[in-house]
Amino acid sequence: MSAPLSTLLGALLSGSLSGLLSGCASLPPTRSVEVNGQRTAFVQAGGSPPVAVFQAGLGDGKAVWAGVIEQVTPGLAVFAHDRPGYGDSSAEPAGPRDPCTLARELHATLQAAGVKPPFLLVGHSIGGLYQLAFAHLYPQEVAGLLLVDPTHPDHWARMQREAPAAARLATGLRATVFSRTMRAEFDAQAQPACIAELQALPPLAVPARLLVRSDFSLAERGDFEALVRQLELAWAAWVPGISRRQVAGAGHYIQKDQPGVVAEELQALARAARKAEATPR
């Protein structure tokens, strides 16, 4: 889930999540396609393949990636969208909001927009979980995976057991702050049928990097911080060979606190993907 404690509490006090995400970086012009009867807004910029495909966290849209996109274009092709229920897309999504469904929706959106693989998948928070699902469902189209302080599949179940105070706060925020779309995504983040489907598929075999925060607020320290650190290590079971980097001076929103680091890691993945593509098989 996106910013489960202090960041969402700050959003509650300010009255808006979107206020946390504003910045001076700008995005390319917004376009839209219709997928499954829903309008999905997106931005796209040209550049060399592979295409960096961004997936935002809970309550966030494409604007959260503006600082990173500004730094990697025009050298790298990029695509970022608002999921239905956010930003410039349809006001309310239709159907389930589990990771497998959202991965398939993104795939259909890319096809409708004419965006061709290979893809470098970039996901923040719960968006990292959605990109994990995409990589498992469409492995032939994925050249790399960059997870930015992502939500682990076991996050909510273990949070309720091991960090109950944090879980109570998250539950309160769900009841008072979350939009209908946010509640649907939050509730389906570890939908058993989807997780079982992903576990039954072959292990991922793509270059992958994990960026994790260095900073926790006072409200997040203790049991919650310990759980987050344990789950960071648990990603290796889902993505064999993933490398982990703790980003200095960054909280949960690494892409806003240190966009240059995210851009650097993304460009390194792109170089590795291009080298692999050029190597005779």
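In my numbering, each residue carries its 1-based index in the sequence shown increased by 1086.
Note that the Cβ used here is the ideal one computed from N, Cα and C, for glycine as well.
Straight-line Cα distance separating V1234 from Y1339 = One C-alpha to the other measures close to 8 Å.
inquiry  = Below 8 Å on the Cβ atoms is my contact criterion, and I expect A1163 with G1200 to pass it. Report the Cβ-Cβ distance as a whole number of Å.
reply    = Not quite, the Cβ-Cβ distance comes to about 12 Å (not below 8 Å), so this is no contact.
message = Tell me the rounded alpha-carbon separation between A1364 and V1139.
response = If you take the alpha carbons of A1364 and V1139, they lie about 21 Å apart.
A1221 beta carbon less than 8 Å from that of V1154 = Remark: C-beta atoms of V1154 and A1221 do not approach each other more closely than 8 Å.
message = Our contact map puts T1187 next to S1211 with C-beta atoms below 8 Å; I'd like the distance itself, whole angstroms only.
response = Actually they do not touch by this definition, with Cβ atoms about 18 Å apart.
query = Given a threshold of 16 other Cβ atoms within 10 Å of its Cβ, counted over all protein chains shown, does K1361 qualify as buried or as exposed?
reply = Exposed: under 16 other Cβ atoms inside 10 Å.
request  = Could you check which residue in T1126, V1333 and L1259 has the C-alpha nearest to that of S1176?
outcome  = The option with the nearest alpha carbon to S1176 is T1126.
query = Taking contact to mean at least 3 C-beta pairs separated by less than 8 Å, is the stretch 1296 to 1313 in contact with the stretch 1324 to 1334?
reply = Look at the beta carbons and you see the stretch 1296 to 1313 touching the stretch 1324 to 1334: at least three pairs across the two are nearer than 8 Å.
Segment contact flag, the stretch 1166 to 1184 with the stretch 1271 to 1281, C-beta cutoff 8 Å, min 3 pairs = Output reads yes: the stretch 1271 to 1281 touches the stretch 1166 to 1184.
inquiry  = Counting C-beta neighbours from all protein chains within 10 Å, is the total for E1120 16 or more, i.e. buried, or is it exposed?
reply    = Under this definition E1120 is an exposed residue.
query = In whole angstroms, what separates the C-alpha of S1303 from that of F1128?
reply = Using only the alpha carbons, I get a separation of about 32 Å.
request  = Would you kindly check if the distance between the Cβ of L1113 and the Cβ of K1148 is under 8 Å?
outcome  = Taking 8 Å as the Cβ cut-off, K1148 and L1113 qualify as a contacting pair.
query = When DSSP labels each residue in this structure, what does G1209 get in the three-state scheme?
reply = The answer is strand: DSSP assigns G1209 an E or B state.
message = Given a cut-off of 8 Å on the beta-carbon distance, is the pair A1229 and A1354 in contact?
response = No, the Cβ-Cβ distance between A1229 and A1354 is not below 8 Å.
request  = Determine which residues share a DSSP beta bridge with H1167 and list them.
outcome  = H1167 pairs with F1128.
inquiry  = Output needed for L1107: all residues of its chain with C-beta closer than 7 Å, excluding positions within five of it in sequence on either side, in chain order.
reply    = Only weak support is given to the placement of L1107: the predicted model assigns it a pLDDT of 43, under 50, and the value that follows is read from those uncertain coordinates. D1146, A1149 and V1150.
Backbone CA spacing between R1315 and Q1341 [nearest angstrom] = The straight-line gap from Cα to Cα measures roughly 19 Å.
Three-state secondary structure (DSSP) of P1115 = Looking at P1115 - three-state DSSP - the assignment turns out to be coil, as it is neither helix nor strand.
ask   = When you compare only the Cα positions, how much space is there between P1136 and T1116?
value = Taking the straight line from one Cα to the other gives about 21 Å.
request  = Mind reading off the beta-carbon distance from E1178 to R1266? Whole number of angstroms is fine, and I expect it under 8 Å.
outcome  = Indeed they touch by this definition, with Cβ atoms about 7 Å apart.
Those residues which DSSP pairs with F1140 across a bridge = Paired residues: A1166 and V1208.
ask   = DSSP three-state call for E1178: helix, strand or coil?
value = DSSP, read as helix, strand or coil, puts E1178 in coil.
task = Pick helix, strand or coil for H1332, following the three-state DSSP scheme.
result = The sequence as given places Gln at residue 1332; His does not occur at that position. In the structure shown, Q1332 sits in a strand (DSSP, three-state: E or B).
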